[in-house]
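Note that the working numbering numbers the sequence shown so that position 87 is 87, with each residue one more than the last.
Report on the structure given below.
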Amino acid sequence: MRTIRFAQIEPVGQCNLRCRMCPIQFREDGPPYGPLAFMPLDTFHRLIDQMPALETLHLQGMGEPLMHPRFFDMVRYAAARGVRVSTNTNLTLLSARRARLCIESGLAELHASLDGATAPTYERIRVRARFTRAKRHLEDLLRIRREVGADRPHVRLVMVVMRENLPELPALVELAHAAGVDSFFVQHLCHDYGEASLPKQYLPMRAFVEAQTLLNEDAGRVEKYFTQARERAAALGVDLRLPRTTPAVARARRCTWPWDGPYISYDGHAMPCCMVGTPDRANLGRIVEHGVQAVWDGKAYADFREALASDTPPDVCRSCAVYKGMF
């Protein structure tokens with residue numbers, strides 16, 4: 001029996017924005033296709049109760065966590081058990097009231113997505129979003145945290161870097177400094193959706209990644225803006241993390257996520273990791289029906305781990321940024 005000390009749970013399977021780089025736009029979860037795609041609070045309680053050794057919980061998925069009306073109840077429930085809880089947000093719904101709840105609920109870390117330093121770039125990527133609103137909500141959270149004298153949540157600015165927004169990376173370092181975030185994490189597009197078994201509705205994602213990935217960009221152009229970002233971060237004292245620009249040297253186990261903890265969708269499917277994102281790409285069992293430990297120790301997980309540790313990993317993993325060591 002494997003002790004589960006880390007888990008990811010997707011509380012919401014829908015979003016308040018259409019992000020061009022996110023596959024949720026192709027999922028038929030929630031309105032207008034069906035009922036609200038929210039994990040019931042009692043289901044969340046049952047999942048947490050089945051993981052008594054849980055130390056870290058990340059509430060994230062393809063959807064926007066702050067859409068869930070009981071999101072902060074989820075945070076409180078897990079935090080009260082000594083679990084370190086973190087989440088992602090696109091900032092659109094992060095009002096001053098929710099900013100205070102981030103602090104009061106015991107949320108340990110918040111990853112704030114901001115994929116551009118100017119309104120035109122940001123709003124092309126985050127359709128129906130408003131750059132000034134997202135920036136203001138980020139600044140309000142950090143201001144309120146200072147006013148109440150709190151040191152949590154740790155606020156990490158996150159940027160998915162690609163051809164379209166690469167030139168704005170240095171300016172985002174300056175924005176991170178001005179806002180007062182605790183760290184700035186830059187990552188590649190996670191996956192190229194290149195597996196042969198890809199459901200056809202995600203084919204536009206494959207085309208988008210091919211057009212935008214830095215793997216197809218001129219290496220000199222990438223290094224130019226990465227260097228500028230490093231220099232500005234050093235000058236301003238910004239804790240900046242940039243991704244590798246080439247695949248890592250092969251190693252025995254390229255990815256450990258299916259060993260580290262389960263990723264559970266809002267409707268109770270277990271998946272290898274959040275990079276897979278949706279159970280129609282890889283599904284390891286129905287946790288809500290069979291129980292966390294039974295699925296975690298079950299044959300589907302064991303077979304997936306065995307394949308991932310081999311020289312012929314699952315098709316869905318081969319072009320993943322984590323598997324390549326480039327996340």
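Idealized CB from N, CA, C, for every residue including glycine.
Among Leu41, Asp260, Lys299 and Arg206, nearest to Arg5 - alpha-carbon criterion | Among Leu41, Asp260, Lys299 and Arg206, the Cα nearest to that of Arg5 is on Asp260.
Do the CB positions of Gly13 and Ser265 come within less than 8 Å of each other?
-> For Gly13 and Ser265, yes; Cβs fall inside 8 Å.
Neighbourhood of His111 by C-beta distance below 6 Å, restricted to the same chain and skipping five residues each side = The beta carbon of His111 lies closer than 6 Å to those of Asn88, Arg156 and Val158 in the same chain, with the five residues before and after it left out.
N-terminal and C-terminal residue of the beta strand (DSSP E) that Thr87 is part of = Taken as a continuous stretch (DSSP letters only), the beta strand (DSSP E) holding Thr87 covers Arg84 to Thr89.
Mind checking Val127: buried by the 16 CB within 10 Å criterion, or exposed?
-> It is exposed - the Cβ of Val127 has fewer than 16 other Cβ atoms within 10 Å.
What three-state label does DSSP hand Leu240 in the structure shown?
-> If DSSP states are grouped into helix, strand and coil, Leu240 belongs with the strands.
Inter-residue spacing [alpha-carbon to alpha-carbon] between Leu331 and Met74 = Past the edges of the chain, shown from 1 to 327, lies residue 331, and the structure says nothing about it.
Assuming Met275 and Asn283 form a contact by the criterion Cβ under 8 Å, report the distance between their Cβ atoms to the nearest whole angstrom.
-> With 8 Å as the limit, Met275 and Asn283 do not qualify as a contact, their Cβ atoms being about 14 Å apart.
Determine the direct distance from the alpha carbon of His45 to that of Ala7, and round the result to whole angstroms.
-> Using only the alpha carbons, I get a separation of about 14 Å.
How about the region 295-314 and the region 65-84: do they share at least three Cβ pairs that are nearer than 8 Å?
-> Using a C-beta cut-off of 8 Å, the region 295-314 makes no contact with the region 65-84, since fewer than three inter-stretch Cβ pairs fall below that distance.
What number of angstroms, rounded off, separates the C-alpha of Arg2 from the C-alpha of Gln25?
-> It is roughly 35 Å from the alpha-carbon of Arg2 to the alpha-carbon of Gln25.
Hey, would you say the C-beta of Phe71 is under 7 Å away from at least one heavy atom of the ligand MN?
-> With respect to the ligand MN, the structure offers nothing, as it holds no ligand at all.
Evaluate Thr312 with the Cβ neighbour count: other Cβ atoms within 10 Å of its Cβ, from every protein chain shown; 16 or more gives buried, anything less gives exposed.
-> Exposed: under 16 other Cβ atoms inside 10 Å.
Rounded C-alpha distance that separates Met51 from Arg130 = Using only the alpha carbons, I get a separation of about 39 Å.
Which residues in the same chain have their Cβ closer than 6 Å to the Cβ of Ala252, if we skip the five residues on either side of it in sequence?
-> No answer about Ala252 holds up, because its pLDDT of 49 lies below 50 and its placement is not dependable.
Cβ separation of Val181 and Leu142, assumed to be a contact under 8 Å, to the nearest whole Å = Between the beta-carbon of Val181 and that of Leu142 there is about 7 Å, and that keeps the pair under the 8 Å contact cut.
Let me know the secondary structure DSSP gives Pro313 once reduced to three states.
-> The answer is coil: DSSP assigns Pro313 none of H, G, I, E or B.
Note the first and the last residue of the continuous beta strand (DSSP E) segment covering Thr43.
-> Boundaries for Thr43: no beta strand (DSSP E) harbours it, while the alpha helix (DSSP H) harbouring it runs Leu41 to Asp49, taken from the DSSP string.
So what's Ala252 in DSSP terms, helix, strand or just coil?
-> Because Ala252 sits at a pLDDT of 49, beneath the cut-off of 50, its placement in the model cannot be relied upon, and the following sentence gives the value as read from the coordinates. Ala252: coil per DSSP, three-state reduction.
How many angstroms separate the CA atom of Met326 from the CA atom of Arg124?
-> Here the alpha carbon of Met326 sits roughly 25 Å from the alpha carbon of Arg124.
Hey, how far is the Cα of Gly291 from the Cα of Leu54?
-> Each residue's Cα considered, the two are about 15 Å apart.
Which runs of the beta strand (DSSP E) fall wholly inside the region 90-124 and span at least 3 residues, in chain order?
-> Counting whole runs of 3 or more residues, the region 90-124 contains the beta strand (DSSP E) stretches 109-113.
Cβ neighbour criterion (16 or more within 10 Å) applied to Glu147 | Glu147 is classed as exposed because its beta carbon has fewer than 16 other beta carbons within 10 Å across all chains shown.
In the DSSP assignment, find the beta strand (DSSP E) that holds Leu328 and state where it starts and stops.
-> Residue 328 lies beyond the residue range present for the chain, which begins at 1 and ends at 327; the question has no answer from this structure.
Report, in whole angstroms, the separation of the C-beta atoms of Glu168 and Gly116, which I expect to be a contact under 8 Å.
-> Cβ atoms of Glu168 and Gly116 come within 8 Å of each other, at about 6 Å.
Determine the DSSP secondary structure at Ala7, reduced to helix, strand or coil.
-> Strand at Ala7.
Can you find at least 3 beta carbon pairs, one from the region 216-232 and one from the region 286-301, that sit closer than 8 Å?
-> Output reads no: the region 286-301 does not touch the region 216-232.
Val305 - containing alpha helix (DSSP H), residue span | The question names Val, yet the displayed sequence has Arg at residue 305. Run containing Arg305: Lys299 to Leu308, per the alpha helix (DSSP H) assignment.
In terms of alpha-carbon separation, which member of Pro258, Gly268 and Asp315 lies closest to Asp297?
-> Nearest C-alpha to Asp297: Pro258.
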